[in-house]
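Working notes, beginning with the structure itself.
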Amino acid sequence: MNIAIRSLLEVQETSLLVARAARRLFRRPTYLTETISQMDLIGVGSLPIILLTGFFTGGVLTLQTYPTLKYYGAQDQTGYLVALSLVRELGPVLSALMVTGRVGSAISAELGSMVVSQQIDAMRALGTD
Numbered sequence: 052m053n054i055a056i057r058s059l060l061e062v063q064e065t066s067l068l069v070a071r072a073a074r075r076l077f078r079r080p081t082y083l084t085e086t087i088s089q090m091d092l093i094g095v096g097s098l099p100i101i102l103l104t105g106f107f108t109g110g111v112l113t114l115q116t117y118p119t120l121k122y123y124g125a126q127d128q129t130g131y132l133v134a135l136s137l138v139r140e141l142g143p144v145l146s147a148l149m150v151t152g153r154v155g156s157a158i159s160a161e162l163g164s165m166v167v168s169q170q171i172d173a174m175r176a177l178g179t180d
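Going left to right, the sequence shown walks through residues 52 to 180 as our numbering numbers them.
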């Protein structure tokens, strides 16, 4: 197959996937317990790595800002400024990056093992999304 036909087939497969996802978007979730289990895995399971990242980021931020604040005589404001910058700016960004990385790699590993054990092919044969 040449590259044009392969590209066209990939666009077709992607379009079919988007269409199937859009059809299921407005339906009520049928697997409530599985949904809650995944929410627990994503949210609560990611908490330790988020806390560890926040702790070390706060430490580095403190080490970087303290000398400058000391030079201006405002070293007593270090804790306030670090807490403010972590809560407003760095906290949400780092949390999103950590959750995305952790959950994305876990989902990729799970899908990879399902492909190897041919579970994905079986689900397609049964018509399960």
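Idealized CB from N, CA, C, for every residue including glycine.
Taken through DSSP and simplified to helix, strand or coil, G178 comes out as coil. Closest in alpha carbon position to R153, among T86, E85, S97, is S97. With a contact defined as Cβ atoms closer than 8 angstroms, V150 and I87 miss out at about 17 angstroms. In this structure, Y117 sits away from T108, with a CB-CB distance that is not shorter than 7 angstroms.
DSSP places A72 inside the alpha helix (DSSP H), whose first and last residues are 54-76. The Cβ neighbour count for V69, taken over all protein chains shown within 10 Å, is under 16; the residue is labelled exposed.
Per DSSP, Y82 lies in no alpha helix (DSSP H) and is assigned neither H nor E.
When DSSP assignments are scanned along the region 129-171, no uninterrupted stretch of beta strand (DSSP E) that is 3 or more residues long falls wholly within it.
Distance from the Cα of L103 is smallest, within the candidate group G142, V62, Y122, for G142.
In this structure, the straight-line span from the alpha carbon of L162 to that of Y82 is close to 18 angstroms.
Between S156 and I101, the CB-CB gap reaches or exceeds 7 angstroms. One thing to note: L120 has its Cβ within 7 angstroms of the Cβ of Q126.
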